[in-house]
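Novice: In my numbering, the protein residues as written are 9 to 238. Backbone N, C-alpha and C define an ideal beta-carbon position, used for all residues, glycine too.
#1: Taking the alpha helix (DSSP H) that residue 91 falls in, what are its first and last residues?
#2: Would you kindly work out how many angstroms separate the C-alpha atoms of residue 37 and residue 45, rounded to a whole number?
#3: Would the beta-carbon of residue 56 fall within 8 Å of that of residue 85?
#4: Out of 187, 201 and 200, which one is the CA nearest neighbour of residue 224?
#5: In three-state DSSP terms, what is residue 226?
#6: My output table needs one value for residue 152: the three-state DSSP class, helix, strand or coil.
#7: Between the alpha carbons of residue 239 and residue 177, how many angstroms are there, rounded?
#8: For the pair the segment 135-143 and the segment 86-99, tell me if three or more CB-CB distances fall below 8 Å.
Listed below in structure tokens is the structure:
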């Protein structure tokens, strides 16, 4: 029997390639492709890091709502997260009870929340909810600074709540330096509000005049009274 052995070598016809070979890009296009990929990777990493900071901020605010006082680093984290992602404010409980707890445990974070609020009306509501009845001197100092900074946006409704809180605070304090300080600071707040919105003088004339007359011995209150009635 004759055995025919085929020679081993290249096939008579080229075999089809299952995958096409790599396309050759011009050097500038290849370099741009690498740069675009690196930029996209950075964006993803930054977004993931921002998500992490947002979750940490929410966790810190939850602690504050439970009654914990936040330290400087935690307060800075919350403020930075809200500045970086204002929409985070929509994920935070902002009912009156929670706002009061934020005001008590992390005032600077509350200020950041007000700054990130959805519109002037919501910001004003948050400020109104933060007003304690009565207030200590330190609380009043912080609130007054916020009201003065927002003098052009604060509503008459919020100022009425503030006036009630000041009257309650003064009644709760014995006559002395603390009461005088509160009256003088309140006069400064109302003067700032009137500078920004003169119509408030008419809207609050009766209640504000009564307050000023109650503490007319304090020059700032007497001056505010004269401004209102004239």
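Specialist: Checking against the coordinates, here is how it stands:
#1: 80-92 is the span of the alpha helix (DSSP H), which, as asked, contains residue 91.
#2: The alpha-carbon atoms of residue 37 and residue 45 are separated by roughly 12 Å.
#3: Not closer than 8 Å, so no.
#4: The residue with the shortest Cα to Cα distance from residue 224 is 187.
#5: In the structure shown, residue 226 sits in coil (DSSP, three-state: anything other than H, G, I, E or B).
#6: Helix at residue 152.
#7: Nothing about residue 239 can be reported from this structure: the residues present for the chain run from 9 to 238 only.
#8: Counting Cβ pairs under 8 Å, fewer than three are found: no touch.
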